[in-house]
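Q: Sharing a structure here in structure tokens format.
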Amino acid sequence: MRADVVIPAYNEEERIAATIKALQHKWIRNVIVVDDGSSDKTYEIAKQYTRSVIKLPKNKGKMAAVFTGLSEVKADWVIVLDGDLGETASEAEKLLPPLYDNSADMTVATMPTFEKRGFGIVKKRAQQVLKKQTGTHLSAPLSGQRAFHKKWIPLIVSKEGYGFGLEMYLNLLILNHGGRIKEVPTSINHRTTGKTIKGFYHRTKQWIDMEMTIWNYS
Numbered sequence: 001m002r003a004d005v006v007i008p009a010y011n012e013e014e015r016i017a018a019t020i021k022a023l024q025h026k027w028i029r030n031v032i033v034v035d036d037g038s039s040d041k042t043y044e045i046a047k048q049y050t051r052s053v054i055k056l057p058k059n060k061g062k063m064a065a066v067f068t069g070l071s072e073v074k075a076d077w078v079i080v081l082d083g084d085l086g087e088t089a090s091e092a093e094k095l096l097p098p099l100y101d102n103s104a105d106m107t108v109a110t111m112p113t114f115e116k117r118g119f120g121i122v123k124k125r126a127q128q129v130l131k132k133q134t135g136t137h138l139s140a141p142l143s144g145q146r147a148f149h150k151k152w153i154p155l156i157v158s159k160e161g162y163g164f165g166l167e168m169y170l171n172l173l174i175l176n177h178g179g180r181i182k183e184v185p186t187s188i189n190h191r192t193t194g195k196t197i198k199g200f201y202h203r204t205k206q207w208i209d210m211e212m213t214i215w216n217y218s
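Residue numbers 1 to 218, in full-length UniProt numbering, belong to the letters of the sequence shown in order.
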């Protein structure tokens with residue numbers, strides 16, 4: 001059994017090649033990269049390593065990019081990965097066994113913490129909402145590295161969402177429809193923004209999108 005991988009990518013010219021090359025394995029049928037209106041060479045570089053690259057005319061946000069990629073999925077199993085994982089993207093194979101043996105409907109990768117990325121406020125808020133609304137605790141509720149069966153795609157793409165609210169949207173959608181989410185330890189790692197202006201901006205946008213998602217789908 002093989003999986004299709006969907007990679008939303010925005011200005012990832014430095015790491016997209018390494019990410020795609022790390023996914024050249026027998027357990028993967030196709031790697032689908034969606035360039036979310038990048039201003040760099042993400043599209044051109046991705047085209048060198050996979051036959052399936054879609055370029056959106058403008059930046060529409062992570063959720064729109066993922067939904068676009070899901071429309072191209074043909075395999076029974078789907079893996080969604082960030083574009084900046086580099087060689088650690090191959091660890092995504094660990095997300096598949098719980099799906100194969102039907103012990104989970106969606107798997108979520110947990111990653112080692114090599115450095116503190118921020119203050120954890122958004123993560124704690126996500127955990128509190130999930131616990132209160134679904135009774136489920138996830139140690140990494142905002143992890144973007146996920147896998148699931150393609151049967152979930154029609155439900156997932158049936159609603160509009162908010163860019164960085166994707167992960168919270170998937171949590172609430174799967175759990176509120178009777179699905180089971182299982183976290184899987186991996187060595188996946190991606191670029192960190194840390195306590196920088198860029199990092200604070202990213203987390204603020206993530207928080208806003210997450211709150212709008214909670215408001216609409218809880």
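Ideal placement from N, C-alpha and C gives every residue a C-beta, glycine not left out.
Using DSSP's beta-bridge definition, name the partner residues of Arg146.
A: According to DSSP, Arg146 bridges with Val80, Val108.
Q: Below 8 angstroms between beta carbons: does that hold for Ile45 and Val6?
A: In this structure, Val6 does not lie closer than 8 angstroms to Ile45 by Cβ.
Q: Per DSSP, what are the beta-bridge partners of Val73 in this structure?
A: According to DSSP, Val73 bridges with nothing at all.
Q: Quick check on this structure: which residue in Gly86, Ala64, Val73, Asn171 has the alpha carbon closest to the alpha carbon of Gln24?
A: Ranking Gly86, Ala64, Val73, Asn171 by Cα distance to Gln24 puts Gly86 first.
Q: Helix, strand or coil for Lys55 per DSSP?
A: Looking at Lys55 - three-state DSSP - the assignment turns out to be strand.
Q: Am I right that Leu96 and Ala147 are in contact with their C-beta atoms under 8 angstroms? What's the rounded C-beta distance?
A: Correct: roughly 6 angstroms between the Cβ atoms.
Q: Compare the beta carbon distance of Lys131 and Val78 with 8 angstroms and say whether it is the shorter of the two.
A: No, they are not a contact pair.
Q: For Ile188, which three-state DSSP category applies?
A: In the structure shown, Ile188 sits in coil (DSSP, three-state: anything other than H, G, I, E or B).
Q: Classify Asn171 as buried or exposed, calling it buried when 16 or more other Cβ atoms lie within 10 Å of its own Cβ.
A: Buried: at least 16 other Cβ atoms inside 10 Å.
Q: Indicate whether the contact test is met: 3 or more Cβ pairs, each with one atom in the segment 150-165 and one in the segment 51-68, closer than 8 angstroms.
A: The answer is yes - the segment 51-68 touches the segment 150-165, with three or more Cβ pairs under 8 angstroms.
Q: In the DSSP assignment, the alpha helix (DSSP H) including Asn176 goes from what residue to what residue?
A: 166-176 is the span of the alpha helix (DSSP H), which, as asked, contains Asn176.
Q: When DSSP labels each residue in this structure, what does Asn102 get in the three-state scheme?
A: In this structure, Asn102 counts as coil in the three-state DSSP scheme.
Q: What is the residue span of the beta strand (DSSP E) that Val129 lies within?
A: Where Val129 is concerned, there is no enclosing beta strand (DSSP E), although the alpha helix (DSSP H) it sits in stretches over 121-134.
Q: Quick one: what's got a C-beta closer than 6 angstroms to Ser143's C-beta in the same chain, skipping five residues either side?
A: So the qualifying residues of the chain are Val108, Ala109.
Q: Nearest to Ile54 by CA position, among Asp40, Asp36, Trp27, is which residue?
A: Ranking the options by Cα distance to Ile54, first place goes to Asp36.
Q: Quick check: what's the CA-CA separation for Met111 versus Asp40?
A: Met111 and Asp40: Cα-Cα distance of roughly 28 angstroms.
Q: Measuring alpha carbon to alpha carbon, tell me which of Tyr49, Gln206, Gly179, Trp215 ends up nearest Asp105.
A: Nearest option by C-alpha distance: Gly179.
Q: Decide if Asp82 is buried, meaning its Cβ has at least 16 other Cβ atoms within 10 Å, or exposed.
A: Label assigned to Asp82: buried.
Q: Report yes if the C-beta of Lys21 is less than 7 angstroms from at least one heavy atom of the ligand FAD; otherwise report no.
A: Although the ligand FAD was asked about, the structure shown includes no ligands whatsoever.
Q: Note the first and the last residue of the continuous beta strand (DSSP E) segment covering Pro154.
A: Note, Pro154: premise wrong, no beta strand (DSSP E); alpha helix (DSSP H) at 153-156.
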